[in-house]
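Undergrad: Protein chains in written order, with my numbering: chain S, 1 to 216; chain G, 217 to 432.
Built from N, CA and C at the ideal position, the CB exists for glycine as well.
Treat the numbers as computed from the prediction; the structure is a model and nothing was measured.
Protein chains: 2
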Amino acid sequence: MTWRDHTGRTLADYDRPSVAVDVALLTVVDDALAVLLHERTGEHETGRWALPGTFLHVDETLAEAALRALREKAGVTGHLPDQLGVLDRVDRDSRGRVLSVAHVDLVPAGSLPATGEGLRLAPVAELSAGGLPYDHDEIVERAVAWARELHRRPDPRGLLGEEFTLLELQRLHEAVAGGELQKDTFRRTMIGALAETGTLSRGGVGKPARLFRRSG
Amino acid sequence: MTWRDHTGRTLADYDRPSVAVDVALLTVVDDALAVLLHERTGEHETGRWALPGTFLHVDETLAEAALRALREKAGVTGHLPDQLGVLDRVDRDSRGRVLSVAHVDLVPAGSLPATGEGLRLAPVAELSAGGLPYDHDEIVERAVAWARELHRRPDPRGLLGEEFTLLELQRLHEAVAGGELQKDTFRRTMIGALAETGTLSRGGVGKPARLFRRSG
DNA sequence: AAAATAGTGTCTGTGAGACACTATGTT
DNA sequence: AACATAGTGTCTCACAGACACTATTTT
Chain S
1 MTWRDHTGRT
11 LADYDRPSVA
21 VDVALLTVVD
31 DALAVLLHER
41 TGEHETGRWA
51 LPGTFLHVDE
61 TLAEAALRAL
71 REKAGVTGHL
81 PDQLGVLDRV
91 DRDSRGRVLS
101 VAHVDLVPAG
111 SLPATGEGLR
121 LAPVAELSAG
131 GLPYDHDEIV
141 ERAVAWAREL
151 HRRPDPRGLL
161 GEEFTLLELQ
171 RLHEAVAGGE
181 LQKDTFRRTM
191 IGALAETGTL
201 SRGGVGKPAR
211 LFRRSG
Chain G
217 MTWRDHTGRT
227 LADYDRPSVA
237 VDVALLTVVD
247 DALAVLLHER
257 TGEHETGRWA
267 LPGTFLHVDE
277 TLAEAALRAL
287 REKAGVTGHL
297 PDQLGVLDRV
307 DRDSRGRVLS
317 VAHVDLVPAG
327 SLPATGEGLR
337 LAPVAELSAG
347 GLPYDHDEIV
357 ERAVAWAREL
367 HRRPDPRGLL
377 GEEFTLLELQ
387 RLHEAVAGGE
397 LQKDTFRRTM
407 IGALAETGTL
417 SRGGVGKPAR
427 LFRRSG
């Protein structure tokens, strides 16, 4: 039995907006924070780079749609983005009324497919205003702020793998923060959430560094 | 000219979810944080108290829909809620696939219409789990967390009016925080964002207190 | 020996938290 | 005088930031 309102109409009788999801998938390459873009195909948009996105189907959750967008548009699997918020300007999409639920994740560069072939990792520091279609510039801006807030803890998304030196951890955090950090302060703020493995790094110049893993 | 995809379809040819907005309108009454509820009317829901909400129309923004929900369901005007996030469980609404974009605001109790008549201010501490329909319990929970984070600054929403004593400010912050605060610490953390008016409170017992207003 | 990186001792400043005291009004 | 509320001096603790030093490795 279908629900009807006081005028006998069902939900299907009312005009509805479309709902899209867009995903800002962040990673760190060459000590710089970057976002995954894919090249659009279609009549008036070839050559346009944008965030992976898709329309929400009626039988899936936002998280499922975000996963599907990553898989279909960028060949990426294995990551579960967080929700950032809804972009709702009435004229944000020329195809009609489309809400976009923005998502974000921060993942190891090694977990992404090879770039080229309509796939690109763009350093966020080099994105100019207006460089992305729709309001994707705003999504990236909010995604970067999300990542910076997240990085009060040591490598919360495990971009470095299980074991790492404090210098490696600091380089990662500097890439996300977008600036240099001081090594003694950094060490003392992070050390509380790290555990020594007991082994030392090998193969570099200078004094070998202790290896740590995340803890607490 | 209407946009068409590669199969010649327009956006209207695809099945879409409905989008609702729900608003957790918080206030402080009797030194306690409370949320505005209204009584639903309709066949199977009379007697059910819920957050004010409505369906998003295709030609309005989420903010406009939130304002409309407050006006039509609760007779409240003059407040602009913030967006909290999207609730998207596939089965959250038995009428069909409905996303809810949750909103929140914190307003002076004096700016609300009289309660009674299907309108109620429920202290959030007294709401039991499962007491509200849909996932409105979760919305209220997130709204309270939002208000607590907001209250790192003195009375950011101006619930006290222009001038107030530090004790009045402390009582407000205790209501939002849901617990007692220490007066000397509270004074010193807030005083930097306050300016003295130069006048004193009148009419109470004990030493008259200086009046302050927000600044910086 | 020189260079490079790892790691720490220590000083300073800030700010929260807590205790106890002083100050000034009403009853 | 007793009480109630306002306001502050001061001690402690924790932590961020900065400087400079020591430690251990490679070249």
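Under three-state DSSP, which class holds ARG187/S?
TA: It is helical.
Undergrad: Report the partner residues of ALA195/S according to the DSSP bridge assignment.
TA: ARG213/S.
Undergrad: List the whole-angstrom C-beta distance separating GLY216/S from ALA193/S, where the pair is believed to meet the contact cut-off of C-beta under 8 Å.
TA: The pair is a contact, with the Cβ atoms about 5 Å apart (cut-off 8 Å).
Undergrad: Considering just the uninterrupted stretch of the alpha helix (DSSP H) at HIS352/G, what are its terminal residues?
TA: First-last of the alpha helix (DSSP H) with HIS352/G: 352-366.
Undergrad: By the 8 Å beta-carbon criterion, what residues does the segment 287-307 of chain G contribute toward chain S?
TA: Those residues of the segment 287-307 of chain G that come within reach of chain S (Cβ to Cβ, closer than 8 Å) are GLN299, GLY301, VAL302, ASP304, ARG305 and VAL306.
Undergrad: If you draw a straight line from the alpha carbon of VAL21/S to that of ARG404/G, how long is it in whole angstroms?
TA: C-alpha separation (whole angstroms): 45 Å.
Undergrad: Shortest alpha-carbon distance to HIS166/G belongs to which of ARG264/G, ASP246/G and VAL245/G?
TA: Beyond the ends of chain G as shown, which are 217 and 432, falls residue 166/G; an answer cannot be given.
Undergrad: Helix, strand or coil for HIS173/S per DSSP?
TA: HIS173/S: helix per DSSP, three-state reduction.
Undergrad: Kindly identify the DSSP beta-bridge partner or partners of GLY85/S.
TA: Answer by DSSP bridge pairing, in chain order: ALA102/S.
Undergrad: Could you name the residues that DSSP lists as bridge partners for THR54/S?
TA: Partner(s): VAL21/S.
Undergrad: Return the CA-CA distance between HIS79/S and LEU106/S, expressed in angstroms with no decimal places.
TA: Looking at the two C-alpha atoms, the distance is approximately 9 Å.
Undergrad: Compare the Cα-Cα distances from ASP331/G to each of PRO424/G, ARG373/G, GLY291/G and GLY420/G and report the closest residue.
TA: First, the amino acid is wrong: residue 331/G is Thr here, not Asp. When only C-alpha atoms are compared, the closest one is GLY291/G.
Undergrad: Within 10 angstroms of the Cβ of PRO268/G, are there 16 or more other Cβ atoms? Answer buried if so, exposed if not.
TA: The residue is buried, with at least 16 neighbouring Cβ atoms inside 10 Å.
Undergrad: Could you confirm whether any beta carbon from chain G is found closer than 7 Å to the beta carbon of LEU62/S?
TA: Answer yes: the Cβ-Cβ gap between LEU62/S and chain G drops below 7 Å somewhere.
Undergrad: Whose CA, out of GLU126/S, VAL205/S, PHE212/S and PRO17/S, lies closest to the CA of VAL101/S?
TA: Comparing Cα-Cα distances from VAL101/S to each of GLU126/S, VAL205/S, PHE212/S and PRO17/S, the minimum goes to PRO17/S.
Undergrad: Against chain S, which members of the segment 374-400 of chain G pass a CB distance test of less than 7 Å?
TA: Answer in chain order: no residues at all.
Undergrad: Do LEU25/S and LEU121/S have their beta-carbon atoms positioned less than 7 Å apart in this structure?
TA: No; because the gap between Cβ atoms is not below 7 Å, this pair is not in contact.
Undergrad: Does the beta-carbon of GLY301/G have 16 or more other beta-carbons within 10 angstroms, so that it is buried, or is it exposed?
TA: It is buried - the Cβ of GLY301/G has at least 16 other Cβ atoms within 10 Å.
Undergrad: What are the boundary residues of the beta strand (DSSP E) that includes LEU119/S?
TA: Note, LEU119/S: beta strand (DSSP E), 119-123.
Undergrad: Between which two residues does the beta strand (DSSP E) holding GLU255/G run?
TA: 248-255 is the span of the beta strand (DSSP E), which, as asked, contains GLU255/G.
Undergrad: Have a look at THR54/S, ALA63/S and LEU181/S and flag the residue whose alpha-carbon is nearest the alpha-carbon of ARG40/S.
TA: Per the Cα distances, THR54/S.
Undergrad: Report the neighbours of VAL320/G on chain S: residues whose CB is nearer than 8 Å to its CB, in chain order.
TA: Under the 8 Å cutoff, chain S gives no residues; its nearest Cβ is about 13 Å from VAL320/G.
Undergrad: Thinking C-alpha only, which one of TYR134/S, ASP184/S, GLU180/S and ARG148/S is nearest ASP91/S?
TA: Per the Cα distances, TYR134/S.
Undergrad: So what does DSSP say about GLY158/S, is it helix, strand or coil?
TA: If DSSP states are grouped into helix, strand and coil, GLY158/S belongs with coil.
Undergrad: Whose Cβ in chain G lies nearer than 7 Å to the Cβ of LEU99/S?
TA: VAL235, listed in chain order.
Undergrad: So, is THR170/S buried or exposed, given that buried needs 16 or more other C-beta atoms within 10 angstroms?
TA: The question names Thr, but residue 170/S is Gln in the sequence shown. Buried is the call here.
Undergrad: So THR27/S packs on LEU112/S, CB below 8 Å; how close in whole Å?
TA: About 6 Å separates the two Cβ atoms, so the contact holds.
Undergrad: Using beta-carbon positions only, say whether VAL23/S and HIS151/S come within less than 7 Å of one another.
TA: Result no, Cβ atoms of VAL23/S and HIS151/S do not sit closer than 7 Å.
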